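Encoded as C-alpha cells, the structure appears first; notes follow it.
Number of protein chains: 4
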Amino acid sequence: MVWRVSEPDFEARLSRYHVRVRFGETDLMGIVHHAAYLGYFEAGRVEYLRRRGIDALSWAAQGLHLPVVEARVKYRRTARFDDELVVETRVAKVSRVTVDFTYRILDLADQQLITEGNTLLACVGDGHKLRRIPADVVSKLLGPELSPRAPNEV
Amino acid sequence: MVWRVSEPDFEARLSRYHVRVRFGETDLMGIVHHAAYLGYFEAGRVEYLRRRGIDALSWAAQGLHLPVVEARVKYRRTARFDDELVVETRVAKVSRVTVDFTYRILDLADQQLITEGNTLLACVGDGHKLRRIPADVVSKLLGPELSPRAPNEV
Amino acid sequence: MVWRVSEPDFEARLSRYHVRVRFGETDLMGIVHHAAYLGYFEAGRVEYLRRRGIDALSWAAQGLHLPVVEARVKYRRTARFDDELVVETRVAKVSRVTVDFTYRILDLADQQLITEGNTLLACVGDGHKLRRIPADVVSKLLGPELSPRAPNEV
Amino acid sequence: MVWRVSEPDFEARLSRYHVRVRFGETDLMGIVHHAAYLGYFEAGRVEYLRRRGIDALSWAAQGLHLPVVEARVKYRRTARFDDELVVETRVAKVSRVTVDFTYRILDLADQQLITEGNTLLACVGDGHKLRRIPADVVSKLLGPELSPRAPNEV
Chain A
1 MVWRVSEPDF EARLSRYHVR VRFGETDLMG IVHHAAYLGY FEAGRVEYLR
51 RRGIDALSWA AQGLHLPVVE ARVKYRRTAR FDDELVVETR VAKVSRVTVD
101 FTYRILDLAD QQLITEGNTL LACVGDGHKL RRIPADVVSK LLGPELSPRA
151 PNEV
Chain B
155 MVWRVSEPDF EARLSRYHVR VRFGETDLMG IVHHAAYLGY FEAGRVEYLR
205 RRGIDALSWA AQGLHLPVVE ARVKYRRTAR FDDELVVETR VAKVSRVTVD
255 FTYRILDLAD QQLITEGNTL LACVGDGHKL RRIPADVVSK LLGPELSPRA
305 PNEV
Chain C
309 MVWRVSEPDF EARLSRYHVR VRFGETDLMG IVHHAAYLGY FEAGRVEYLR
359 RRGIDALSWA AQGLHLPVVE ARVKYRRTAR FDDELVVETR VAKVSRVTVD
409 FTYRILDLAD QQLITEGNTL LACVGDGHKL RRIPADVVSK LLGPELSPRA
459 PNEV
Chain D
463 MVWRVSEPDF EARLSRYHVR VRFGETDLMG IVHHAAYLGY FEAGRVEYLR
513 RRGIDALSWA AQGLHLPVVE ARVKYRRTAR FDDELVVETR VAKVSRVTVD
563 FTYRILDLAD QQLITEGNTL LACVGDGHKL RRIPADVVSK LLGPELSPRA
613 PNEV
C-alpha cells in the first residue's frame, strides 16, 4: 500500500490549490456531485505539475500524454455551493511508466476533510502505447515546488 | 430572422432524438442545470448529421471542423432528474461557411416545450480558418434522413 | 473482496444500459474524459433501480437519499466520441446501510471492456444521517428486473 | 437593445473574476467546449453578487431563486487548456422581476476577447412563480462592489 508518502517528503511532494464550488457542480441533493471531485483532483494535479516546471501542453507537443488509468475517491463529508476548498496533491509513487497521485480535499474554512483519493496515471505516447517517463520528469515529479512560497500562501 | 424553416421543409429538415436527464445534470435548485441543454442540443445535432450520412469523425479526419460560434437558449419550463426529453433538431439556414441549427426540447410525457434555441456553426479547417462547406455536405444538411423511419419511431 | 457476484445470481442482479459518447464528454486527448465514466455508471445505476421498481425521486420525497461514499474506476481502453457503450450494472453486496454497485462498460460494437469499477452508496435521511435500507428495497435491489426482457433487448 | 451599460456606470456595475481552463473542460477539437462558458459566466455572476453582499445561499433559504431564463453566447476566439481567463460581469438592466447580466471573457495574457454574451435571470419563489426583486437587492445589483479594490486587483 503506497497511499501515504513518508514524513520527511511530506512538504516537498505537496502542492495546495484552491477551488470554489460552482453552482453547476452541485446536484439536486444540494451537494457537490461526486463526479466533480475528479475535476478538482485534476486541477490540483495540473497545478502540482506546473509548480515543478512540468507543462502538460508542451509535453503533449512531444507526443507524451498522462491519461488516468485508475481512480479512487472516498467521500467523507459533503461540500456545497460556494464553499472554498483546498486540494492537497501529493505524489505517492513513481514507477517506470506510472505516477500515483494522492489527494485530500479540505474545507478552507474549518480544515475538515471532505474527500480523499488517488489517481494512477500512465505515461503513453501517441497511439496510447506505454512509454518510460523521462528521467528529468521523474526528478521534477518527486521534487519540491520550484519557486518557494510564503508559508501562508496557497 | 431565419429562426423557423418554412412549412414544406418542416419534416425533411427535422430529426428527433431522446435524452433522459441524468442526476449529475441537475443542480441544487432540483432542476436541470441550464448549461446541460447545450449538451442536449449537441447530441441532437450529431444525430441529425448521422441520419444524413454526415460523420463528424471522418470529417475531422479531413481537417474540417464545425465549432459553435454562437448559441442562444430560451428556457421555457424546467426539466427534472429522470425526465425523458425529445430534442427536435432542424437546419434553419446554410450559408457558404455557416450552418444555423434550431432546437426545441419537449417533455416526452406531455409534449410541453422545455427549451428552444439555436446554434450557429462555422466550417473551419485546421488552424480554425473559415472554409467553404463542401457542396455534397450542403445537400445532405438540407435533405431528409437517409433511412425512412416509421411514423412512431424516434 | 466482494467485487464479483457469484455465478447463479449473475443474470438476476444485472441490468444493461446504452449510452452514446457525447462530444462534450471528450477531452483534448481525443478520448472520453475520465470523470465522464462516473456519469455513465450513475445512468446505469438509475436504470438498474428503475427496472426493479425503485424510483429515486419518490424515495427522495420520503427523505431518503443514496449518496456515493466511495468510487473506484479502472480504465482499460479508451472510448471516443460517438462510440456506443453498454453499461452493465450489478449489485455486489447490500449491507444494513450501504449498497455496493459494480459496473463494466463495454464497447457495443466489439464487446471489448472499456472501464470497470464500483461505487458504494450509503442510505441517509435528511441531514445526511445513516438510515437502515428498508427491507422491501433490499429485496428489490437483490432481485431481477420486474419486466422480463427478450434476450437481445438492452 | 440593452446590451451595454452607459459609460458612467461602467466601473460601478462591473466585477472581474479569474478562471483557469480545466482539462475536462476541453473537447477533442483541443479547445474549451462551448458549454463550459456558461459555467464561467455563472462563476463570474456569483462573484458579482458576492461582492455586492448578495448571497445566493441565504437568498435560497428565503425561498427566492434566480434561474436563467435566457442565455446567449458569441464565441470570438478559442481558449485552450490551462489558459487563464478573466470573466467581466456587468448588470445591463434590472426590471421588476428580471436581471440581465452581460459578460466578456478575455484572455488574461493578451486581453483578447474570447467570448461575450448575456444571461437573463428571473426572480422566482418556491414553485417557480415570478416574484418581484426586493428593493434592497435591486440597489445592490446596480451598485458598486462593497469593498473597494485596488486598480490592479482582480
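Chains as they are written, first to last, in the working numbering: chain A, 1 to 154; chain B, 155 to 308; chain C, 309 to 462; chain D, 463 to 616. From the three backbone atoms N, C-alpha and C, an ideal C-beta is built for every residue, glycine too. All figures in this text were calculated on a predicted structure; none of them were measured in a lab.
- Look at C/Ser403 here: in three-state DSSP terms it is coil, with no helix or strand label.
- The continuous stretches of beta strand (DSSP E) do not include B/Val278, and DSSP gives it neither H nor E.
- Residue contact with chain A for C/Glu350: present (Cβ-Cβ distance below 9 Å to some residue of chain A).
- Counting along the chain, C/Ala379 sits inside the beta strand (DSSP E) bounded by residues 376-383.
- Take the alpha-carbon of D/Leu528 and the one of B/Thr232: they are about 13 Å apart.
- With a cutoff of 9 Å on beta-carbon distance, B/Gly217 and B/Asp290 are scored as not near each other.
- Shortest Cα-Cα distance from C/Arg360 to any of C/Thr406, C/Leu322, C/Ala400 involves C/Leu322.
- Proximity of B/Asp236 to chain C, defined by a Cβ-Cβ separation below 9 Å, is satisfied.
- At a cut-off of 9 Å between C-beta atoms, B/Leu192 counts as an interface residue with respect to chain C.
- In the DSSP assignment, D/Val599 is bridged to no other residue.
- Around the beta carbon of B/His187, 16 or more other beta carbons lie within 10 angstroms, which makes this residue buried.
- In this structure, the alpha-carbon of B/Gln266 lies about 9 Å from that of B/Arg230.
- A direct Cα-to-Cα measurement between C/Ala379 and A/Tyr40 gives close to 15 Å.
- For C/His373, the C-beta contacts it makes with chain A under 8 Å involve Met29, in order along the chain.
- Minimum Cα-Cα distance from A/Gly143 among the listed residues A/Tyr48, A/Asp110, A/Thr102 corresponds to A/Tyr48.
- Check the Cα spacing between C/Cys431 and each of C/Thr406, C/Gly425, C/Ser366, C/Asp391: the tightest is with C/Thr406.
- Between D/Val531 and D/Leu582, the C-beta gap is smaller than 9 Å, which places the two residues in contact.
- Cβ neighbours of A/Glu25 within its own chain (closer than 7 Å, five residues either side excluded): Val32, His33, Ala36.
- In this structure, A/Arg20 sits near A/Glu84, with a CB-CB distance shorter than 9 Å.
- Its Cα nearest to that of D/Leu568, the residue D/Glu550 stands out among D/Glu550, D/Arg512, D/Glu473.
- Excluding sequence positions up to five before and after A/Arg96, its CB lies within less than 6 Å of the CB of Arg132, all in the same chain and listed in chain order.
- A residue is called buried once 16 or more other Cβ atoms fall within 10 Å of its Cβ, and D/Leu500 is buried on that count.
- Looking only at C/Ala369, C/Phe331, C/Glu350, C/Asp335, the smallest Cα-Cα distance to B/Asp209 is reached by C/Phe331.
- Legend: CB atoms of the region 201-232 of chain B lying less than 7 Å from CB atoms of chain D belong to residues His219, Pro221, Val222, Val223, Glu224, Ala225, Arg226, Val227, Lys228, Tyr229, Thr232.
- Excluding five sequence positions before and after D/Glu473, none of the CB atoms of its chain fall closer than 6 Å to its own CB.
- Under the DSSP assignment, B/Leu168 falls outside any alpha helix (DSSP H), being part of the beta strand (DSSP E) whose first and last residues are 168-174.
- Using beta-carbon distances, D/Gly486 counts as an interface residue toward chain C, with a partner under 9 Å.
- Counted as a single uninterrupted DSSP element, the alpha helix (DSSP H) harbouring A/Leu57 occupies residues 56-61.
- With a threshold of 16 other beta carbon atoms within 10 Å, B/Asp181 meets it and is buried.
- In the DSSP annotation of this structure, the continuous segment of the alpha helix (DSSP H) that includes C/Leu357 starts and ends at 344-358.
- With respect to B/Gly198, B/Lys228 sits apart: the two C-beta atoms are not nearer than 9 Å.
- Straight-line spacing of the CA atoms in B/Lys294 and B/Arg258 works out to 21 Å.
- Only residues of its own chain outside the window of five on either side were considered, and among them Tyr37, Val73, Lys74, Tyr75, Arg76, Ile105 have a CB closer than 7 Å to the CB of A/Thr115, listed in chain order.
- Within the model, the alpha-carbon separation for D/Ser520 versus C/His436 is close to 20 Å.
- For A/Asp100, the beta-bridge partners assigned by DSSP are A/Lys93, A/Leu120.
- A Cβ-Cβ distance of about 19 Å is found for the pair B/His172 and B/Leu300, leaving them out of contact under the 8 Å criterion.
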